[in-house]
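Protein chains in written order, with our numbering: chain A, 70 to 417; chain B, 6 to 81.
No residue lacks a Cβ here, since even glycine has one placed at the ideal position from N, Cα and C.
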Amino acid sequence: MTLTADQPATTAPARKVVMNRAIREALDWELANDPAVFLMGEDLGKFGGVYGTATGFFDKYGEDRVRDTPISEAGFMAAAAGAAMSGMKPIVELMFIDFMGVCLDPIYNFIAKHAVHTGGKQDMPVLIMAGIGGGYCDASQHSQTLFATFAHLPGLKVVAPTTAYDARGTLHAAMRDPGPVLYLMHKELLGLGLWGTMPEASSNVSDAYFEVPLGKAFVRREGTDITLVGLASMTHVASRVAKTLEGEGYSAEVIDLCSVVPLDRKTVIDSVRKTKRLVVIDEDYRTCGVAGEVIASVVEEIGTELIAPPQRVAFLDTPIPFARPLEKFARPDEDKLLKAAMRTLKHA
Amino acid sequence: MTDIIIAADAWDEDIEGSLLTWIYPDGAEVKAGDVIAEITVEKLQVDITAPGDGVLSHAINEGDLVSKGGKIGALA
């Protein structure tokens, strides 16, 4: 199969779409263009997926290619590994990343390590999709992001797109990758009212094939006084804070990591070399997290050039509370990021 | 001028939804059958398609509440 990135049609008016539509269109393209691709997951078939990412696929592609599974994550994740070894390209939806505990062995010990176990002779083209993130009172087992958990053990690529455009482009890039990719969908970004919807996540996306590279961070806003680094919905939080800072007379640069693995350290270091101040906002737990990794990566290279200590704004080290005021207290948000940014900017 | 009306049976229960997104901007030329807007009703997303060819005008904003049978825009 030869693939070329279609240029977005110039005659059609630009469409603004929500993220779950962009994902659905990407999956539709993959199913239509590659007979080795199939989907599997809980409520993914007849129901179309809890995130609406597979609506209509069961009737369009049939039950062999759009498979409802029992509530048996260990079973279907291991089946995906076997299918990939046999030449298929499985796309598996693990409804909530929080459920990874019941299928961690196939993910970590088989899917992530297979290329190394076979001396690089066999690919493992599995795409694992999962919903992440909280902020809507779903408590400790349905609100986590767990970026660092999957960033820590080598073998998986990990991507968490911020906009509908990136969601479509990174999904196609992940499907062209010979290795396994964990594709994280923040519930706040998908366009489902139930989980709250950040309007910034909707973007212009042509209904044509294109790729957004994995392992590349994006500068969402240019600035000179401070670098704010975000991931998934926290990127939009950082952009909102950058606007507030502009009103205070400060110019903030906003970087969207987009991929957790590979982590694009260079884009962050290049930015901080210019601004000399750094705050990272991360919805995952604070200790041993991606925010700490980003800060360490910058300090290792250019630590002596910083004019203020870098700051982390991350989830408190506690199981995510159910009660709305407690979740709000523990979760990073605009107020907490603004305070950390001001502390950094006013550091003498 | 053709009004863009939410179908009376667009969703089952007699509850309000909200306009999630205008897929095409005010003033865009659309064709019959294009999905032009999305409405969210609790866990459902409902596509609104253009009833004909024409230039789209928005009668409501994203985030506004909508009801079955309600007008959301027009085609000229």
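- Burial of Phe384 of chain A is indicated by the presence of at least 16 other C-beta atoms within 10 angstroms of its C-beta.
- Excluding residues up to 5 positions away in sequence, Gly114, Lys115 and Val135 lie with their Cβ nearer than 6 Å to the Cβ of Phe127 of chain A in the same chain.
- Those residues of the segment 110 to 136 of chain A placed with their C-beta closer than 9 Å to a C-beta in chain B are Val119, Gly121 and Thr124, ordered along the chain.
- Within the segment 129 to 178 of chain A, complete alpha helix (DSSP H) segments of at least 4 residues are found at 142 to 154, given in chain order.
- Distances from the alpha-carbon of Asp386 of chain A to those of A:Cys357, A:Arg412, A:Lys405 and A:Glu374 put A:Cys357 closest.
- Taken atom to atom, the span from the alpha-carbon of Pro223 of chain A to that of Ala181 of chain A is near 7 Å.
- Boundaries of the beta strand (DSSP E) harbouring Leu25 of chain B: Gly22 to Trp27, taken from the DSSP string.
- Judged by DSSP in its simplified three-state form, Ser340 of chain A adopts helix.
- The segment 144 to 157 of chain A and the segment 188 to 197 of chain A touch, with three or more beta-carbon pairs separated by less than 8 Å.
- Judged by beta-carbon spacing, Ala217 of chain A lies beyond the 8 Å limit of Val228 of chain A, meaning their Cβ atoms are not closer than that value.
- Counting other Cβ atoms within 10 Å of its Cβ, Ile364 of chain A reaches 16 or more and is therefore classed as buried.
- Close partners of Glu18 of chain B in chain A (Cβ separation under 7 Å) are lacking, with about 14 Å as the shortest Cβ gap.
- Within chain B, the residues whose beta carbon sits less than 9 Å from that of Gly260 of chain A are Leu25, Thr26, Glu43, Thr45 and Gln50, listed in sequence order.
- At a cut-off of 8 Å, the C-beta of Thr293 of chain A has no neighbouring C-beta in chain B.
- Under a criterion of Cβ atoms nearer than 8 Å, the residues of chain A adjacent to Glu67 of chain B are, in order, Pro268.
- For Ser271 of chain A, the neighbours in chain B by C-beta distance under 8 Å run, in chain order, Thr26.
- In this structure, Thr54 of chain B and Val40 of chain B form a Cβ contact; the two beta carbons are roughly 6 Å apart against a cut-off of 8 Å.
- Val281 of chain A carries a coil assignment under DSSP once its states are collapsed to helix, strand and coil.
- The three-state secondary structure of Asn89 of chain A, taken from DSSP, is helix.
- Counting the other CB atoms within 10 Å of its CB gives Asp174 of chain A a total below 16, which places it among the exposed residues.
- Assigned with DSSP and collapsed to three states, Gly110 of chain A falls in strand.
- Using a Cβ-Cβ distance cut-off of 8 Å, the segment 30 to 38 of chain B and the segment 7 to 14 of chain B are not in contact, since fewer than three pairs of beta carbons, one from each stretch, lie closer than that value.
- Apart from the 5 residues on each side of it in sequence, Ile376 of chain A sits with its Cβ closer than 8 Å to the Cβ of Lys345, Arg346 and His416 in its chain, given in chain order.
- With respect to the 8 Å criterion, Asp325 of chain A and Phe279 of chain A are not classified as neighbours on the basis of their beta carbons.
- Taking C-beta separations shorter than 7 Å and ignoring five residues to either side along the sequence, the partners of Gly125 of chain A in its chain run Gly117, following chain order.
- Counting along the chain, Met254 of chain A sits inside no alpha helix (DSSP H); it lies in the beta strand (DSSP E) bounded by residues Val250 to His255.
- Residue nearest to Gly202 of chain A within the set A:Leu414, A:Met303, A:Arg342 and A:Arg289 is A:Met303 (criterion: CA-CA distance).
- For Gln50 of chain B, the beta-bridge partners assigned by DSSP are B:Thr45.
- Beta-bridge analysis with DSSP links Tyr354 of chain A to A:Phe384.
- Using a Cβ distance threshold of 8 Å, Pro249 of chain A and Leu225 of chain A count as a contacting pair.
- Cβ contact annotation for Glu269 of chain A (same chain, cutoff 6 Å, sequence separation greater than five): His305, in chain order.
- With its beta carbon less than 8 Å from one in chain B, Arg84 of chain A belongs to the interface.
- DSSP places Ser302 of chain A in the uninterrupted alpha helix (DSSP H) bounded by Ser302 to Gly316.
- Beyond the five residues adjoining it in sequence on each side, Asp133 of chain A comes within less than 8 Å, by CB distance, of Phe107 in the same chain, given in chain order.
- A Cβ-Cβ distance of about 23 Å is found for the pair Glu21 of chain B and Leu61 of chain B, leaving them out of contact under the 8 Å criterion.
- For Met169 of chain A against Met254 of chain A, the beta-carbon gap comes to about 14 Å, at or over 8 Å, which does not count as contact.
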